[in-house]
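Worksheet: the structure to be examined is printed underneath.
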Amino acid sequence: MISSDWLLSSEPASRRQAAWGRRYQAWLAFRRNPLAVAGLAVALAMLLMAVFAPLLATHDPGAQNLANRLQPPSAAHWFGTDELGRDVWTRILYGARITLGMVVAVVLLVAPVGLLVGCAAGYAGGWLDRILMRVTDVFLAFPRLILALAFVAAMKPGVESAVAAIALTAWPPYARLARAETLRIRDADFIAAVRMAGASPWRIVLRHVAPVCIPSLIVRVTLDMSSIILTAAGLGFLGLGAQPPLPEWGTMIATARRFILDQWWVPVIPGIAIFLASLSFNLLGDGLRDVLDPKQR
Amino acid sequence: MIEVQDLDVRFGAVHAVRGVSFAIAAGESFGLVGESGSGKSTVLRALAGLIPGWTGAMSLQGRALGPKRDRTFFRSVQMVFQDPYGSLHPRQTVDRILAEPLAIHGLDGAEARIRRALEEVSLSPIVRFRYPHQLSGGQRQRVAIARALIADPSVLLLDEPTSALDVSVQAEVLNLLADLRAARQLTCILVSHNLAVVAHLCERLAVMQQGKVVEALDVAALRAGQAQHPHTRDLIALSRDLDG
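This is the structure:
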């Protein structure tokens with residue numbers, strides 16, 4: 001039943017077919033961009049590695065072996081061992097859970113909040129718009145890492161406070177984006193038509209305005225993921241994110257930075273992981289922008 | 001049925017509508033004619049409740065209309081917009097667009113109602129799950145008409161419903177509106193810059209210039225050449241030129 005004819009039909013027979021046809025066309029356009037496909041593949045591979053870390057790991061991420069410390073990559077330790085003799089490959093896998101988990105948590109916190117704040121401000125206008133946007137400006141006025149640093153310093157350093165701190169600094173651009181998008185369409189006739197249908201303002205915002213903003217928000221999220229990874233790793237590096245012995249990538253670089261000249265692979269391997277993760281999300285975001293963002297068509 | 005008294009609308013420094021009054025009986029079809037910028041669309045939008053900050057008095061079936069309209073108002077008054085490219089949500093299928101008023105008013109039998117609404121505007125069931133960008137201008141305007149009529153309103157506001165369409169399609173949509181109006185006993189207000197369109201659909205009309213009604217007359221008088229005001233005569237001459 002599911003064939004490309006079914007998906008590409010210009011005369012879909014059901015709501016479901018029309019929606020899937022649209023998605024399939026977006027996928028066809030996405031597939032034409034090899035860099036974006038590569039980004040998607042790497043990002044998916046990393047997420048799968050994080051999910052199946054216990055199956056893929058060759059050692060225990062916490063097991064120390066001081067007789068075997070700072071070993072170069074070998075058959076027994078694919079990425080070598082760190083300063084306490086722990087297997088780096090295993091720690092990278094478990095670190096993916098923490099680092100990518102933080103990114104996902106931040107995105108899940110931030111995107112709906114930004115979308116709702118921006119759409120509500122843009123659609124309502126007036127004093128609500130002014131209050132919400134000034135609050136947004138306050139958060140935008142601080143450099144992201146500095147605000148996150150101050151916030152974590154005021155709380156207890158750890159994964160949860162790092163997530164909260166990054167979320168706190170990451171939502172304003174989404175609110176801005178959603179508001180700009182909302183302002184563009186709020187006076188369109190199709191919104192007036194829904195008002196004429198008797199819809200309540202909440203119904204209009206949630207069912208008619210927000211869906212228009214979501215594609216550009218998704219693009220922004222994927223582009224932002226790399227900077228969230230970097231901020232999370234930066235907080236970890238400064239000792240304010242995940243705490244040792246948790247194998248967070250930034251924390252791993254921080255503890256191994258003393259060995260960068262002699263045993264360079266110890267800090268470089270988590271660095272490569274951070275680099276690959278942020279690059280893949282960036283490429284994915286660029287590809288999604290071409291497909292999803294109506295302004296680019 | 002509909003009464004408008006001394007309607008005044010200002011947009012900042014622009015005084016768009018200056019003291020417009022008219023009354024329309026149930027089942028009647030009334031035309032508002034004027035050049036672009038004469039304030040005719042603004043009158044319609046204020047009546048529809050889409051413009052805040054008007055002054056004057058408007059009433060529907062004897063009940064005064066406030067700045068905010070309730071659901072029963074939107075149940076009985078519907079509007080068809082000028083631009084069929086802008087009045088349909090670009091990310092919703094025709095099916096969803098038509099289902100929305102039914103969901104809001106809590107009407108049952110959505111499936112049958114949507115099918116009947118498409119039939120009524122002579123659209124093939126094939127278009128039901130298409131997106132607006134897959135439709136032609138005339139098809140889109142038919143969808144917009146179907147959406148306006150799906151919850152069985154008694155008043156239909158038409159804001160230049162044909163002026164964004166090709167000439168051949170214009171006649172089709174106009175005839176469709178005339179048929180629907182007769183079949184459903186609708187009270188209509190039609191805004192247009194085109195006297196011929198108004199004369200086709202309406203019994204009475206008012207001519208607007210710079211936010212004021214300069215002349216009100218019925219179509220029979222218009223046809224008989226009894227227009228008094230020079231602006232009305234200009235518009236008549238213009239439409240004769242366009243026809244000829």
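Line by line, the protein sequences give chains A and B. Under full-length UniProt numbering, think of the first position of the first sequence as 1, with each following residue one higher. Under full-length UniProt numbering, think of the first position of the second sequence as 1, with each following residue one higher. Glycine included, each C-beta is placed from N, C-alpha and C at the ideal position. Remember, predicted model here, so these are calculated numbers, not experimental data.
- For Asp108 (chain B), no Cβ of chain A is located within less than 8 Å of the residue's own Cβ.
- Annotation: Arg91 (chain A) has no Cβ neighbours in chain B at a cutoff of 9 Å; minimum Cβ distance is about 44 Å.
- For Pro12 (chain A), the nearest CB of chain B lies under 8 Å from its own CB, placing it at the interface with that chain.
- Contact of Phe22 (chain B) with chain A is not assigned, every C-beta pair being separated by 8 Å or more.
- Of the residues B:Asp6, B:Glu111, B:Ser41, B:Gly31, the one whose Cα lies closest to the Cα of Ser59 (chain B) is B:Asp6.
- Around the Cβ of Asp83 (chain B), a 10 Å sphere holds 16 or more other Cβ atoms; the residue is buried.
- Chain A has no Cβ within less than 8 Å of the Cβ of Gln141 (chain B).
- Nearest in C-alpha terms to Ser124 (chain B), of all of A:Ala13, A:Ala26, A:Ala45, is A:Ala13.
- Listed along chain B, no residue sits closer than 9 Å to Asp5 (chain A) by beta-carbon distance, the nearest being about 16 Å off.
- The C-beta distance from Ala120 (chain A) to Val205 (chain A) rounds to 6 Å, short enough to fall under 8 Å.
- Contacts with chain B at 8 Å (Cβ-Cβ) include Ala193 (chain A).
- Using a CB distance below 7 Å, the part of the segment 207-233 of chain A facing chain B consists of His208, Pro211, Val212, ordered along the chain.
- Contact between Leu176 (chain B) and Cys188 (chain B) is ruled out by a C-beta separation of about 13 Å, above the 8 Å threshold.
- Between Asp166 (chain B) and chain A, the shortest Cβ-Cβ separation is not below 8 Å.
- With the rule of 3 Cβ pairs closer than 8 Å, the segment 221-231 of chain A does not count as touching the segment 92-109 of chain B.
- In this structure Gly62 (chain B) is exposed. Its beta-carbon is surrounded by fewer than 16 other beta-carbon atoms within 10 angstroms.
- By the beta-carbon neighbour count (other beta carbons within 10 angstroms, threshold 16), Pro211 (chain A) is exposed.
- Listed along chain B are Thr93, Asp95, Arg96, Phe129, each with a C-beta nearer than 8 Å to that of Arg15 (chain A).
- Around the beta carbon of Gly31 (chain B), 16 or more other beta carbons lie within 10 angstroms, which makes this residue buried.
- Taking a 10 Å sphere around the C-beta of Val138 (chain A), we find fewer than 16 other C-beta atoms and assign the residue as exposed.
- Straight through space, the alpha carbons of Thr81 (chain A) and Ala232 (chain A) are spaced by roughly 23 Å.
- Not a single CB atom of chain A sits nearer than 8 Å to the CB of Met58 (chain B).
- By the CB criterion at 8 Å, Ala18 (chain A) and Arg69 (chain B) fall outside the cutoff.
- Three or more beta-carbon pairs drawn from the segment 265-275 of chain A and the segment 62-82 of chain A are found closer than 8 Å, and the two stretches are therefore classed as touching.
- Distance between Ala192 (chain A) and Leu186 (chain B), taken at the CA atoms: about 21 Å.
- Secondary structure at Gly137 (chain B): helix, using DSSP grouped into helix, strand and coil.
- Under the Cβ criterion of 8 Å, Asp83 (chain B) is counted among the residues facing chain A.
- Taking C-beta atoms as the reference points, Asn33 (chain A) and Gly287 (chain A) count as a pair closer than 8 Å.
- Our two residues, Ala13 (chain B) and Glu111 (chain B), have alpha carbons roughly 48 Å apart in a direct line.
- For Pro247 (chain A), the number of other beta carbons within 10 angstroms of its own is at least 16, and it is reported as buried.
- Neighbours of Ser87 (chain B) across chain A, judged by C-beta separation under 9 Å: Ala188, Asp189, Phe190, Ala192, Ala193.
- Burial state of Pro215 (chain A) is buried, judged by a 10 Å Cβ sphere holding 16 or more other Cβ atoms.
- For Cys188 (chain B), the enclosing beta strand (DSSP E) has its first and last residue at 187-192.
- Contact between the segment 89-106 of chain A and the segment 249-264 of chain A is established, with three or more Cβ pairs separated by less than 8 Å.
- The alpha-carbon of Trp202 (chain A) is positioned some 10 Å away from that of Tyr123 (chain A).
- Annotation for Gln5 (chain B): the continuous beta strand (DSSP E) segment containing it runs 2-11.
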